[in-house]
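Novice: Residue 0 is where the sequence shown starts when you use numbering that gives the first Met the number 0, and the numbers rise one by one after that.
Even for Gly, the Cβ is constructed at its ideal location relative to N, Cα and C.
Since we're looking at a predicted model, the values are computed, not measured.
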Amino acid sequence: MDVIVKLASFGVLGMVILAMLATSGLAGAAAISTTLSTLGGPAGMAGGMLVLASAPVIVNYLDNYGIDYAMKKLMREYKKKGYSKYELRHEISKLWITKGFKEKLYYYVDTLY
Numbered sequence: 000m001d002v003i004v005k006l007a008s009f010g011v012l013g014m015v016i017l018a019m020l021a022t023s024g025l026a027g028a029a030a031i032s033t034t035l036s037t038l039g040g041p042a043g044m045a046g047g048m049l050v051l052a053s054a055p056v057i058v059n060y061l062d063n064y065g066i067d068y069a070m071k072k073l074m075r076e077y078k079k080k081g082y083s084k085y086e087l088r089h090e091i092s093k094l095w096i097t098k099g100f101k102e103k104l105y106y107y108v109d110t111l112y
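#1: Short of 7 Å in beta carbon distance, which residues of its chain neighbour Leu87, apart from the five on each side in sequence? Order them along the chain.
#2: Use the C-beta contact count for Ile3: other C-beta atoms within 10 angstroms, 16 or more gives buried, fewer gives exposed.
#3: When the Cα atoms are used, what is the spatial distance from Ala52 to Leu35?
#4: Straight-line CA distance for Asp1 to Ile16?
#5: Taking only beta-carbon positions, decide if Lys103 is within less than 8 Å of chain B.
#6: Does the segment 55 to 73 come close enough to the segment 7 to 22 that 3 or more CB-CB pairs lie under 8 Å?
#7: Output the distance between the C-alpha atoms of Leu6 and Leu111, rounded to the nearest integer angstrom.
#8: Between Leu61 and Ala69, what straight-line distance do the alpha-carbon atoms span, to the nearest angstrom?
#9: Under a three-way DSSP split, which group does Lys80 fall into?
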């Protein structure tokens, strides 16, 4: 069976794995280890496996509710945890999202406080 067909059976995971392996610049087991470690950040390979396992759940949630809803809900949770308006605005400023979406989030944070 073709490798791409097997990756496609993983859905979003297949795309994530393929993109990470392609950009690792390595081959074989080294590419897989590097990919998992990169995805896992400070948690290493175990964290990478956790990220891959949770990716379909996150994608399904975003597909059902949309990114706007998810980000607004996330901002409400941060407020409950004690983040200030200025901390949230600072975190939003660091996100790699469009200027228009940042403005939406800034407006939403301003309405929360």
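Specialist: Inspection of the coordinates gives the following:
#1: Cβ neighbours of Leu87 beyond the five flanking positions: Met74, Tyr77 and Val108.
#2: Ile3 is exposed by the Cβ-count criterion.
#3: Each residue's Cα considered, the two are about 12 Å apart.
#4: For Asp1 and Ile16, the distance between alpha carbons rounds to 16 Å.
#5: In the displayed structure, chain B is absent; only one protein chain is listed.
#6: Result yes; three or more Cβ-Cβ pairs closer than 8 Å.
#7: Each residue's alpha carbon lies about 42 Å from the other.
#8: In this structure, the alpha-carbon of Leu61 lies about 7 Å from that of Ala69.
#9: In this structure, DSSP gives Lys80 a state outside helix and strand, which the three-state scheme calls coil.
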